[in-house]
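Chain order of the listed sequences is R and B.
All letters in the first sequence, in the order written, are residues 18 to 734 by the working numbering.
All letters in the second sequence, in the order written, are residues 3 to 165 by the working numbering.
Glycine included, every Cβ here is placed at the ideal spot set by N, Cα and C.
First up is the structure itself, then whatever we jot down about it.
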Amino acid sequence: MAKEKVKRKISRREFLIAVGVAGGGLLLGTKVGLPFARLKVAELFDSGAAPGGMDADATAWFLITPDNTVKLFIPKSEMGQGVHTALAQIAAEELEIEWQQLEVVQAGTGQGLDDGFGTGASNSVSTMYQPLREAAATMRQMLRIEAARILDISPNALTAQNCQFISSSDKSITYGEIAEQTQTWEIPETTPSLKSKRDFRFIGESAPRVDLREKILGKATFGYDRRLPDMLYGATARPPKIGSTLKSAQPGEAASRTGVVKIVIEDDFAGVVAETREQAYGAANALSLEWDTPKIWQQADIDALVTVGQGKGIQIQKEGDPEKSFAKAPIIEAEYRTPMAFHAHLEPQSATVDVKPDRVDVWAATQFPVRLREFVAKAINRKEEEVFVTPTFLGGGFGRKIGTEAAVEAARFSAAVGRPVHIGWTRPEDFHNGFLRPPTHHTFRGALDGKKIAALDHQQASGAVAFPFLPGAFKAILGADFGAWRGARINYHIPNKGTTAWLPELPLATGWWRGLGLLANTFALESFIDEMAFAAGVDPLEFRLSHLSADEIGKRRRDVLETAAEKAGWGTPLPAGHALGIATSTDVNTVVAQVAEISVTSDEIRVHKVTSAVDPGMVINPDGASAQIQGSIIMGLSSTLVEEVYVEDGQLAADNFNRYPLLRMAQAPEIDVILLESGDQPFGMGEPPIGPIAAAVANAVFSLTGQRLRSLPLKFT
Amino acid sequence: MQLTINRQTYSITEDQEIRMLVWVLRDQLGLTGTKYGCGAGICGSCTVLVDGKPTRSCLTPAATVADKEITTIEGLGIIQDGGEEILHPVQQAFLETQTPQCGYCMSGQMITAAALLDDNPAPAEEDIIAGMNDVYCRCGTYVRIKEAVARAAEIIAEESSNG
Ligand code: FES
Ligand code: FES
Chain R
18 MAKEKVKRKI SRREFLIAVG VAGGGLLLGT KVGLPFARLK VAELFDSGAA
68 PGGMDADATA WFLITPDNTV KLFIPKSEMG QGVHTALAQI AAEELEIEWQ
118 QLEVVQAGTG QGLDDGFGTG ASNSVSTMYQ PLREAAATMR QMLRIEAARI
168 LDISPNALTA QNCQFISSSD KSITYGEIAE QTQTWEIPET TPSLKSKRDF
218 RFIGESAPRV DLREKILGKA TFGYDRRLPD MLYGATARPP KIGSTLKSAQ
268 PGEAASRTGV VKIVIEDDFA GVVAETREQA YGAANALSLE WDTPKIWQQA
318 DIDALVTVGQ GKGIQIQKEG DPEKSFAKAP IIEAEYRTPM AFHAHLEPQS
368 ATVDVKPDRV DVWAATQFPV RLREFVAKAI NRKEEEVFVT PTFLGGGFGR
418 KIGTEAAVEA ARFSAAVGRP VHIGWTRPED FHNGFLRPPT HHTFRGALDG
468 KKIAALDHQQ ASGAVAFPFL PGAFKAILGA DFGAWRGARI NYHIPNKGTT
518 AWLPELPLAT GWWRGLGLLA NTFALESFID EMAFAAGVDP LEFRLSHLSA
568 DEIGKRRRDV LETAAEKAGW GTPLPAGHAL GIATSTDVNT VVAQVAEISV
618 TSDEIRVHKV TSAVDPGMVI NPDGASAQIQ GSIIMGLSST LVEEVYVEDG
668 QLAADNFNRY PLLRMAQAPE IDVILLESGD QPFGMGEPPI GPIAAAVANA
718 VFSLTGQRLR SLPLKFT
Chain B
3 MQLTINRQTY SITEDQEIRM LVWVLRDQLG LTGTKYGCGA GICGSCTVLV
53 DGKPTRSCLT PAATVADKEI TTIEGLGIIQ DGGEEILHPV QQAFLETQTP
103 QCGYCMSGQM ITAAALLDDN PAPAEEDIIA GMNDVYCRCG TYVRIKEAVA
153 RAAEIIAEES SNG
């Protein structure tokens, strides 16, 4: 592979160009340069935070091959959110190529550039939209210059289409031919002008997903599926209770088991490598182990910790002086709780690692390859540069696949046996050894002035979400965990309002979950807004509309609220025994309103229909967006109606779906999606629509029964 | 012992017979399209057809299906001699409706749907729900699965009326 020189170095820092020529092609990368300070501010303003603290680095690059296809390398993980397709649409648009001329390649850490963000927080498309378009347009311009040189005509006489340039005099040359015939590339000083919206052919269209054909054929490789010649299987001994640590470990009876290749006992780690996974698990169970368990935790202990007023509270929002209003008017009060929840991605944690003397290869279902590389390198004492992580498809992520445990275990085992080792956790392992959506507690005080809210105070306690994954210094600067309070601040136009976040230390791990704190916080806040509406004697929709700010975001909130209400038939007669509830949330600048239509039969809540209006700024792929909205609503409804896990005698009570059922098809409502566009910049789509659903249902239940259910899952007790 | 999977015969050594079918398929035979989700018969990700009946391979010892016809996702369509795949109507419909998200549950969904349509080629919505209700989808594609199964029924009807 020859390194080529560039004539000029590009001045714009967003691009990382001229990586060189690989296989006769042109490589061009784009870098998302969100500086640290801006990232931090972004987090503080709730607008598209990345799992922060890491470097923002390159996030996509192209390779033009001589057979005239363009490969788009994407380090973002595909976990069903359609990110590969959306990014391909954006690239194809500016490259002026046809859909089948583009091939999406999942990039690993060994190929070129790193993605310091990871995949999550609904930021993939919003952070990459502009840079990717600019990079693609730059590459098109570079190709145009060389095409003009080769054909000996003016660059302006050439039109790009169909992966080639054609001239009015009928000369033409393909991108592949240009790449083959060019030694030295000229890089434009400035970004070429981008296509105008009305000329878009791909952006805004429902392009078919690029990953679905292999998925319907059963051929897509997930982390659980990666197989290598000579591969062994590993199983790790698990702590019996929350907080248990390994006191001593002996091979015991495991040593004589068939199939056992090696018993690995290290500090605080014991496990078995065997020829088959059943042999590995059987032998791991036969190890002779002693555990230290300092305390047997119960759910009541956890609830006591997760209580407003416990630990340290940090005020994250303050306008006016709520306390003054509370001194003057009657106070309306309520408290809410949400339980812990599993991610319950159907593919448990998994990884395959091959530790060799000169390099370490890792294949894993991971949302954060760069982080995984760091953890693997550390665990087996190797340099990060020797570790290469290739993300597989993810069988669901939802935040949990930022985890590194399976790959670290596979690496330890592979290092011990010198052969590739696969780790595929069982469902009980996955439920008991991960991190959870944190439990939350909320207290509200509100005061009315006529039909308007004069003051509102939200006190929120939650286990950590982002902090366990950030460097300590970051925590000290931020004080409050922005993941835990995502969605907790009061967006309504209220003269006196405040939000305080309390962060207890819990004995079990909590962290990222789809939407972070959005579902829990919106459930509490939007239910309480309904309580205030009832106290004021105002229709819940009218009440919300009368508390919107007069600015742009206020207008966008009005649009989604009015659209969802109108489409759902708000204020019109419903079938007997049905009622509607409405709620709204704003997340990563995407605004969402949902109306739930429900009925209740022998204390069972049935959700018939959810109408969801979403304004994500701009829509790249309407069908993909609607799939994300449908999925968010179903997952959120599962939390609303059925999901909950608690601690019992020192361990999580559920270790499989028998005690932690998920929502099923028979419980799934009809879903009506309305997409609104308010601008030229796409915001996030994967998580925001999970915000309002629980509150919308709870508000409908109140409207129907007069009962205000203040904890999840919603139950009449 | 022999297993007949996707119209092909595989010889299985004695030590494999006690294994659950899901691991024999995945780890022994490399047919990783069949997924593990719970190992407890609940999620349905591991569903395969045994003599046409949807069966949870995580709870099915290989020895118990020795003389039966097993179909996994890899054998749902037809692979022609040239290597070209002809999709099963269910696969076609799941693709057309862009139903899969992460795709992990989808082998179980499509296998279950194929069995359902085999029994009842023109299912009403309640029949679809009853037939598909025991297969989880964490990505929440239920709305589309319903559409996809209805669409597959249409494709089957079109195909049979065309001869
Ligand atoms: S893996 Fe067999 S039903 Fe879940
Ligand atoms: S598509 Fe992801 S679990 Fe169904």
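Where do the N-terminal and C-terminal ends of the beta strand (DSSP E) with R:P639 fall, by residue? For R:P639, no beta strand (DSSP E) run applies; the uninterrupted alpha helix (DSSP H) run containing it begins and ends at P639 to L658, by DSSP.
Cα-Cα, which of R:D576, R:H101 and R:D640 is closest to R:L149? For R:L149, the closest C-alpha among the options R:D576, R:H101 and R:D640 is that of R:H101.
Of the choices R:V608, R:S213 and R:D568, whose alpha-carbon is the least far from that of R:T539? The shortest Cα separation from R:T539 among R:V608, R:S213 and R:D568 belongs to R:V608.
Please check if any C-beta of chain R sits within less than 7 Å of the C-beta of B:N8. Taking CB atoms only, B:N8 has no neighbour in chain R less than 7 Å away.
Distance, Cα to Cα, B:T57 vs R:P445? Distance between the alpha carbons of B:T57 and R:P445 is about 22 Å.
Any heavy atom of ligand 2 closer than 6 Å to the Cβ of B:C141? B:C141 Cβ: within cutoff of ligand 2.
Measuring only the C-alpha atoms, how far is B:G43 from B:L61? Rounded to whole angstroms, B:G43 to B:L61 spans 6 Å at the Cα level.
Buried/exposed call for R:F733, threshold 16 Cβ in 10 Å: Flag for R:F733 reads exposed.
Between R:E543 and chain B, is there a C-beta pair that is closer than 7 Å? Answer no: the Cβ-Cβ gap between R:E543 and chain B never drops below 7 Å.
What residues of chain R sit near B:R21, judged by a beta carbon separation below 7 Å? Residues of chain R passing the Cβ test: E295.
Answer yes or no: the CB of B:C107 versus the heavy atoms of ligand 2, is any distance below 6 Å? At least one heavy atom of ligand 2 is nearer than 6 Å to the Cβ of B:C107, so yes.
Any idea if R:R454 is buried or exposed, counting beta-carbon neighbours within 10 angstroms, 16 or more meaning buried? R:R454 comes out buried.
Any C-beta of chain R sitting closer than 7 Å to the C-beta of B:I14? By this cut-off, B:I14 is not an interface position.
Less than 7 Å between CB atoms is the rule here; does R:E364 satisfy it with respect to chain B? Interface with chain B (7 Å Cβ-Cβ cutoff): R:E364 is included.
Are the stretch 533-548 of chain R and the stretch 612-621 of chain R in contact at 8 Å, needing three or more beta carbon pairs? Cβ pair count under 8 Å is below three, so no.
DSSP state of B:D121 mapped onto helix, strand, coil: Shown here, B:D121 sits in a helix according to DSSP, grouped into three states.
Reference B:R146; option with closest CA among B:E161, B:A95, B:I158 and B:A126: The residue from B:E161, B:A95, B:I158 and B:A126 with its alpha-carbon nearest to that of B:R146 is B:A95.
By alpha-carbon positions, which one of R:N508, R:G515, R:F551 and R:Q611 ends up nearest to R:A785? The question about residue 785 of chain R has no answer here: the residues shown for chain R are numbered 18 through 734.
Proximity of R:A396 and R:R429 at Cβ, strictly below 7 Å: In this structure, R:R429 lies closer than 7 Å to R:A396 by Cβ.
Any idea which residues DSSP pairs B:E149 with across the strands? According to DSSP, which records beta bridges pairwise, B:E149 is partnered with nothing at all.
With 16 other Cβ atoms within 10 Å as the buried cut-off, status of R:V122: R:V122 counts as exposed, since fewer than 16 other C-beta atoms from the protein chains shown sit within 10 angstroms of its C-beta.
How about R:V714: is its C-beta nearer than 7 Å to some C-beta of chain B? No - not a single Cβ of chain B is within 7 Å of the one on R:V714.
With 8 Å as the C-beta to C-beta threshold (strictly closer), list the residues of the stretch 240-264 of chain R near chain B in chain order. Residues of the stretch 240-264 of chain R with a C-beta atom less than 8 Å from some C-beta of chain B are Y241, D242, R244 and Y250, listed in chain order.
Using only alpha-carbon positions, find the residue among R:T293, R:S189 and R:Y146 that is nearest to R:E738. Residue 738 of chain R lies beyond the residue range present for chain R, which begins at 18 and ends at 734; the question has no answer from this structure.
Run through DSSP, which three-state label would R:F286 get? Three-state DSSP puts R:F286 in a strand.
Using a beta-carbon distance cut-off of less than 9 Å, what residues from the stretch 635-661 of chain R approach chain B? Contact annotation: in the stretch 635-661 of chain R, residues whose CB is within less than 9 Å of a CB in chain B are D640, G641, A644, Q645, Q647, G648, S649, I650, I651, M652, G653, L654 and S655.
For B:Q93, collect the residues of the same chain with a Cβ closer than 8 Å to its Cβ; drop the 5 residues on either side in sequence, then sort them by chain order. Answer for B:Q93: L78, G79 and M112, listed in chain order.
Compute the minimum distance between the beta carbon of B:G43 and the heavy atoms of ligand 1, and state whether it is under 6 Å. Result yes, Cβ under 6 Å from ligand 1.
Just the Cα atoms here: how many angstroms apart are R:N179 and R:E111? Going by the C-alpha atoms only, they are around 12 Å apart.
Compare the beta carbon distance of R:R354 and R:H475 with 7 Å and say whether it is the shorter of the two. Not closer than 7 Å, so no.
Residues of the stretch 466-483 of chain R in Cβ contact with chain B at a cutoff of 9 Å, in chain order, please. Flagged: no residues at all.
For B:E86, report the span of its beta strand (DSSP E) as first-last. No beta strand (DSSP E) contains B:E86, which DSSP labels as neither H nor E.
Any idea what DSSP makes of R:D547, helix, strand or coil? Under the three-state reduction of DSSP output, R:D547 falls in the helix class.
Are there any heavy atoms of ligand 1 lying less than 6 Å away from the beta-carbon of B:R58, as far as the coordinates show? Within the cutoff, so yes.
Delimiting residues of the beta strand (DSSP E) encompassing R:T628: Its beta strand (DSSP E) spans residues E621 to D632.
Say whether chain B places a C-beta atom closer than 7 Å to the C-beta of R:G534. R:G534 does not count as touching chain B.
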